[in-house]
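S.K.:
Residue numbers (the UniProt record's numbering): 1 to 98.
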C-alpha cells in the first residue's frame, strides 16, 4: 500500500511523494532528485531526528503514511580529498574529564 511522505528541503520547498514501506533510502533520494534536482550523494534525509542511511528500507525507520522527512545538504569542506587529510601529531592532545 503506498504511503504519502512530505518532503521539506533546506531551501524551503515542500512536496509530497508516494513511496512504499519497502522502498530503499537510495530510491527515496532518487525520487527527491527528480523533484528538486539535488544529487542523491549530496542529500541527508532526516526523520524524527535520525539520518536515514543508504542500504536500509524506509520501514527500518518506521516511515509511515504522512511522515515528514527533511532534506539537508551534505556539505564537503576544504580542498583536499578526505584520504589526503593528515593531522600532525603535535596537534593531538589528551583530554581529562574531572
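Virtual Cβ for every residue (Gly too), placed ideally from N, Cα, C.
For clarity, every value in this text was computed on a predicted model and none was experimentally measured.
1. Mapping the DSSP letters down to three states, classify residue 34 as helix, strand or coil.
2. Apart from the five residues just before and just after residue 68, which ones in its own chain have a Cβ nearer than 6 Å to its Cβ?
3. Can you give the Cα-Cα distance for residue 90 and residue 41, rounded to whole angstroms?
4. Whole-angstrom Cβ separation of residue 25 and residue 3, contact assumed at under 8 Å?
5. Assuming contact is defined by CB atoms lying nearer than 8 Å, are residue 58 and residue 28 in contact in what I supplied?
M.R.: Result, derived from the coordinates:
1. Position 34 of the chain shown, counting from 1, holds the residue named residue 34. Residue 34 falls in the helix class under three-state DSSP.
2. The residue labelled residue 68 in the question sits at position 68 within the chain shown. Answer for residue 68: 6, listed in chain order.
3. Your numbering for residue 90 matches position 90 in the chain shown. Your numbering for residue 41 matches position 41 in the chain shown. Here residue 90 scores only 48 on pLDDT, less than 50, and its place in the model is too uncertain to base an answer on.
4. To locate residue 25, count along the chain shown from 1; it is residue 25. To locate residue 3, count along the chain shown from 1; it is residue 3. Rounded, the Cβ-Cβ distance is 14 Å, inconsistent with contact.
5. Position 58 of the chain shown, counted from the start, is the residue given in the question as residue 58. Position 28 of the chain shown, counted from the start, is the residue given in the question as residue 28. Going by C-beta atoms, residue 58 is nearer than 8 Å to residue 28.
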